[in-house]
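Peer 1: Once you've had a glance at the structure underneath, I'll fire off some questions.
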Amino acid sequence: MSRKRLTRRQFVAATAMSSAALITAPYVRGAYAAGKLSIGFWDHWVPGANQASTDLVNEWAAKEKVEVSIDYITSNNKKIELTAAAEAQAKSGHDILQMPSWWPHAYSENLEPLNDVMEPLIKQNGEVNGTVKYLAQSGGKWLAVPATPGSQIKGPCSRIDLMKKYANIDVQEMYPAGSPPKADNWTMDTFLKAAEACQKGGFPFGIGLGETTDSVDTAGAIFQSFGAELVNAKGDITVKTDQVRQAMEYYKKLIAFLPPDAPSWDDASNNKWLISGRGALIMNPPSAWAVAKRDAPQVAEQCWTHGFPAGPKGRFAPFLPYFWGVWSFGKNKEAAKSLLVHLSSPSAIEKFVSVSGGYDLPAYANLTKLKTWAEEGPPKGTLFHYPDPYHQQTLSIAASPAPPKIAQQIYFQATLTKMGLRFARGETLEQALAWAEGECEGFMRS
Amino acid sequence: MADVVVEQGRVARAAGARKGSSLRNTLGRKSTVAFFLTLPLILLILLLVLYPAFYSLYLATLNKAMTKFVGLGNFTFLFKRETFWMVVKQSCIFAITAVVFKALIGFIVAHFVHNIPGKKQRKWRGMLLVPWVIPPAMSTLAWLWLFDPSYSAFNYTLSFFGVGPIPWLGETFWARFSVILVNVWYGAPFFLIMYLAALKSVPDQLYEAAAIDGANWWQKIWYVTLPMMRNIIAITTLFSLIVTFANFDIVRILTSGGPLDTTHLFATWAFQVGIQSSDIPLGACVSLFMVPILAVAAVFILRDVSKRGNEA
């Protein structure tokens, strides 16, 4: 058996020729040279809003030569949460998955750090609010990027006429379109008096006391405005404090002026309450107003979205962001990061806000004065103060600043609304607090 | 027994034949054919029932972060939770009340339908089955609108009689009443159809003999109908108990477990704990708790059925 030996001279010649061929050859790029990318986006409730996402992704894909596939996943019945749970378990699925507020922390071990995406984005778009940092950062690591589609502030949406008539409050004067708010008197006390007046006038405030997010978010902002924390940032249980007692006393007084069936309200109930003309105020993003514009224009014309009342510890507004996360087991992480940068550019964000009729909210400080919010109507300027353009509120999420994995349980078990309801339904304050303390002890599992 | 005789005959003939034909004989056996015919179903059950069941057992032994084996730690944790015992109590109230009413209504209506002559009976049977054939997620949404906190059609109707408004889903009593009512509405047709089939199989001669002996309608039901239907009643009760205990959609759509957790069942609370609060091991633990409760019920009910089978 003969074996041909490769001489040193032949080896050098072959290597040089191959290198020369590689360098001088024309760069031929295939249609999908940068591979494939699979995306799971939240299925937007606004008609046409998904198309904007598709167009932005396709625009990026054509430029980057990436083959993309998008699934729009509804948030109805927690389909996104189920998808995230399944993908995290299977270590397989989409490359990018849009997930609701608490999920970046819940799956922090399975998410790719995105500091290299977030740091330039913050430089470009301005600082992100504290809630975004709280929900998407862990030990200096960015777990996800705040998504504009789906992110929302659940502030008050008031009826101009009813608030004037029964509570003697001119919400347009307090929050004028195009200029800073004059809301120094818009406090928790004023809010309570207005709630009582409107209830007596036959148009109670439509605030839920159920277990879904709208109810919990309002309760969270009220508690925070009194400085009430069930679990503090260190993870200590702080239920039996004066601040919590104060917040509970206030919440009980407010509950007395809410509709009697509020304990069974879900996230649709407050919308229906406003649209049907039965209430003077709800706590919601502009979705209720948008539906009213279509179904009950005479109600929509009287709606004005504005800031939350201030409590002894400040003015807090419930902020519920969505995030885009990149799975660490994803197959095309670099392409995923590149797409997230594209989707977070000012022009893309402006497009998201515009197609959603102002519903979608960017988390960046420099992008709270887009023209959509100034122009939407009727009445014109109704959404001007929705994104908190003058940064007069602390955007917060219920159960914060407890460590997110504990806070998530306080939030989804609706501990705040339940303890308030127990107190309002006849339990003593100490009994309600003891119950809440027991619940929080159970949430400490790791 | 016939099967065994055939098998023995084949074995006797095959004793003198060549070895190659033994495979053909094996494949030709009725039991082998039966096994192969059921194989797809066995594989399906292995894949969709047994694997998830064992996987949830495994999950139930992990810590919240799913990084550490904690043995029975999750179960002992649950025993100390007030809400867990409330869920156990509520699941029992829900399942037992709903099954009793479904059985009672099914039994009564089955008698009415049984006494309707020929063609008309078919129409009634079809109409009465409607609640059972509509997907419950859809029909429960219709119920939600009827119970709607603010715009309830029931309350609207009651207002004409000066009654209400009733907080159907906002007060514990009414919320429990509402979820049980919808479950009974959905499940009663199943009992109806099973009982109707059982009624049709009771020989007329028994009723004739009872009539000759001077039995009234109640005695006919007590001494003829009920003993003849006992096995069907037991099996349907067990089946319905399992399905009702594991109910999810009705409670989820109507109340999401509220107010104040007073309508949560095992499945809805497991979902809240496991999926919404991201504590999958604890969620698995909660759902596994249905197994021992249902196993005890199954043992009692099925033991009675086999006893009666042996007596027969």
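Note that the protein sequences, when read in sequence, are chains A and B.
Numbering follows the working numbering, with no gaps: position 119 of the first sequence is 119.
Numbering follows the working numbering, with no gaps: position 53 of the second sequence is 1053.
Think of the CB as a built atom: it goes at the ideal place given N, C-alpha and C, for glycine as much as any other residue.
Report the option in B:Thr1038, B:Thr1262, B:Ala1284 and B:Pro1227 whose CA atom is closest to the CA atom of Lys1089 (chain B).
Peer 2: On the second sequence, position 89 is the one that residue 1089 (chain B) refers to. Nearest C-alpha to Lys1089 (chain B): B:Thr1262.
Peer 1: Which residue's Cα is closest to the Cα of Ala457 (chain A): A:Asn115, A:Gln243, A:Ile169 and A:Ser38?
Peer 2: Any property of residue 457 (chain A) remains undetermined from this structure, which presents chain A solely from 1 to 446.
Peer 1: Rounding to the nearest angstrom, what Cα-Cα distance links Phe1161 (chain B) and Ser1152 (chain B) in this structure?
Peer 2: Translated into positions along the second sequence, residue 1161 (chain B) becomes position 161. Translated into positions along the second sequence, residue 1152 (chain B) becomes position 152. Approximately 15 Å between the Cα atoms of the pair.
Peer 1: Beta carbons nearer than 7 Å to chain B: which residues of the region 179–213 of chain A have them?
Peer 2: Taken in chain order, the members of the region 179–213 of chain A whose beta-carbon sits within less than 7 Å of a beta-carbon on chain B are Gly210, Glu211 and Thr212.
Peer 1: Compare the Cα-Cα distances from Gly35 (chain A) to each of A:Tyr359, A:Ser338 and A:Pro362 and report the closest residue.
Peer 2: Looking up residue 35 (chain A) in the first sequence gives position 35. Cα-wise, what sits closest to Gly35 (chain A) is A:Ser338.
Peer 1: By Cβ distance, which residues of its chain are closer than 7 Å to Lys91 (chain A), with the 5 residues on each side in sequence left out?
Peer 2: Within the first sequence, residue 91 (chain A) is the residue found at index 91, counting from 1. So the qualifying residues of the chain are Phe329.
Peer 1: Report the start-end ranges of each beta strand (DSSP E) in the region 248–311 of chain A that is 3 residues or longer and not cut off at the edges.
Peer 2: Uninterrupted beta strand (DSSP E) stretches at least 3 residues long and entirely within the region 248–311 of chain A occur at 281–283 and 303–305, given in chain order.
Peer 1: At a CB-CB cut-off below 8 Å, which residues of chain C make contact with Ala106 (chain A)?
Peer 2: Reference to chain C is not applicable here, since the protein chains of this structure are A and B.
Peer 1: Can you pull the DSSP bridge partners for Glu67 (chain A)?
Peer 2: Your numbering for residue 67 (chain A) matches position 67 in the first sequence. DSSP, once it has assigned bridges, lists A:Lys36 as partnering Glu67 (chain A).
Peer 1: At 9 Å on the CB atoms, spell out the chain A contacts of Ser1159 (chain B), in chain order.
Peer 2: Taking the first residue of the second sequence as position 1, residue 1159 (chain B) is located at position 159. Simply none; closest approach about 14 Å.
Peer 1: Does any residue of chain B have a CB that is nearer than 8 Å to the CB of Phe412 (chain A)?
Peer 2: In the first sequence, the residue the question calls residue 412 (chain A) occupies position 412. With 8 Å as the cut-off, Phe412 (chain A) counts as an interface residue toward chain B.
Peer 1: Could you tell me whether the Cβ of Pro1167 (chain B) comes closer than 8 Å to any Cβ of chain A?
Peer 2: By one-based count along the second sequence, residue 1167 (chain B) stands at place 167. Cβ-Cβ to chain A under 8 Å: yes for Pro1167 (chain B).
Peer 1: To which residues of the same chain is Phe1107 (chain B) closer than 6 Å at the C-beta, ignoring the five residues directly before and after it?
Peer 2: Working through the second sequence from its first residue, we reach residue 1107 (chain B) at position 107. The answer, listed in chain order, is Tyr1195.
Peer 1: As an exercise, report each continuous alpha helix (DSSP H) stretch of at least 4 residues that is fully enclosed by the region 1088–1156 of chain B, in chain order.
Peer 2: 1118–1133 and 1136–1147
Peer 1: So, does the region 355–372 of chain A touch the region 46–53 of chain A, judging by three or more C-beta pairs under 8 Å?
Peer 2: yes
Peer 1: Report the neighbours of Thr1255 (chain B) on chain A: residues whose CB is nearer than 8 Å to its CB, in chain order.
Peer 2: Stepping through the second sequence from its first residue, residue 1255 (chain B) is reached at position 255. Within 8 Å Cβ-Cβ: Ser264.
Peer 1: Given that Gly1258 (chain B) touches chain A, what residues does it touch there, using C-beta distances under 7 Å?
Peer 2: Start at 1 with the first residue of the second sequence, and residue 1258 (chain B) comes out as number 258. Within chain A, the residues near Gly1258 (chain B) are Gly210, Glu211, Pro263 and Ser264.
Peer 1: With DSSP as the reference, identify every bridge partner of Gly206 (chain A), one or two as the case may be.
Peer 2: Residue numbering aside, residue 206 (chain A) sits at position 206 when the first sequence is read from its first letter. DSSP, once it has assigned bridges, lists A:Ile282 as partnering Gly206 (chain A).
Peer 1: Which same chain residues end up closer than 6 Å to Gly150 (chain A) when comparing Cβ atoms and leaving out the 5 residues on each side of it in sequence?
Peer 2: Taking the first residue of the first sequence as 1, we reach residue 150 (chain A) at position 150. Counting only residues of its own chain and dropping the five nearest sequence neighbours on each side, Gly150 (chain A) has a CB closer than 6 Å to the CB of Trp42 and Tyr322.
Peer 1: At least one CB of chain A closer than 8 Å to the CB of Arg1176 (chain B): is that the case?
Peer 2: Taking the first residue of the second sequence as 1, we reach residue 1176 (chain B) at position 176. For Arg1176 (chain B), the answer is no, since every Cβ of chain A falls outside 8 Å of its Cβ.
Peer 1: By the 10 Å Cβ neighbour count, where 16 or more other Cβ atoms means buried, how is Ala1142 (chain B) classified, buried or exposed?
Peer 2: Residue 1142 (chain B) sits at position 142 when you count from the first residue of the second sequence. The residue is exposed, with fewer than 16 neighbouring Cβ atoms inside 10 Å.
Peer 1: Tell me the rounded alpha-carbon separation between Lys418 (chain A) and Glu64 (chain A).
Peer 2: For the purposes of this step, residue 418 (chain A) is taken as the residue at position 418 of the first sequence. For the purposes of this step, residue 64 (chain A) is taken as the residue at position 64 of the first sequence. Between Lys418 (chain A) and Glu64 (chain A), the C-alpha separation is close to 50 Å.
Peer 1: Relative to the alpha-carbon of Glu87 (chain A), which residue among A:Ala62, A:Ser101, A:Ser38 and A:Val66 has its alpha-carbon at the smallest distance?
Peer 2: The residue labelled residue 87 (chain A) in the question sits at position 87 within the first sequence. Here the closest residue by C-alpha is A:Ser38.
Peer 1: For a minimum of 3 consecutive residues, which ranges assigned as the beta strand (DSSP E) are wholly contained in the region 356–387 of chain A?
Peer 2: Runs of the beta strand (DSSP E) inside the region 356–387 of chain A: none found.
Peer 1: What are the start and end residues of each continuous alpha helix (DSSP H) run of 4 or more residues lying completely inside the region 1232–1292 of chain B, in chain order?
Peer 2: 1249–1254, 1266–1271 and 1280–1288
Peer 1: Reducing DSSP to helix, strand and coil, say where Thr187 (chain A) ends up.
Peer 2: For the purposes of this step, residue 187 (chain A) is identified with residue 187 of the first sequence, where counting begins at 1. Residue state, collapsed to three classes: strand.
Peer 1: DSSP three-state label for Ser1201 (chain B), please.
Peer 2: Counted from its first residue, the second sequence places residue 1201 (chain B) at position 201. Of the three classes helix, strand and coil, the one that applies to Ser1201 (chain B) here is coil, per DSSP.
Peer 1: Give me the residue from B:Leu1129, B:His1111 and B:Phe1077 with the minimum Cα distance to Val1286 (chain B).
Peer 2: By one-based count along the second sequence, residue 1286 (chain B) stands at place 286. The candidate whose alpha carbon is nearest that of Val1286 (chain B) is B:Phe1077.
Peer 1: Whose C-beta lies closer than 6 Å to the C-beta of Asn332 (chain A) among residues of the same chain, with five residues either side of it excluded?
Peer 2: Stepping through the first sequence from its first residue, residue 332 (chain A) is reached at position 332. Excluding sequence neighbours, Asn332 (chain A) sits near Gly35, Leu37 and Asp95.
Peer 1: With 16 other CB atoms within 10 Å as the buried threshold, where does Phe384 (chain A) fall?
Peer 2: Taking the first residue of the first sequence as 1, we reach residue 384 (chain A) at position 384. Phe384 (chain A) is buried by the Cβ-count criterion.
Peer 1: Where do the ends of the beta strand (DSSP E) carrying Trp324 (chain A) lie?
Peer 2: Position 324 of the first sequence, counted from the first residue, corresponds to residue 324 (chain A). Start and end: Phe316 to Val326.
Peer 1: How would you write the range of the beta strand (DSSP E) that Leu449 (chain A) sits in, first residue to last?
Peer 2: With chain A represented from 1 up to 446, any question about residue 449 (chain A) goes unanswered, as that position is not in the structure.
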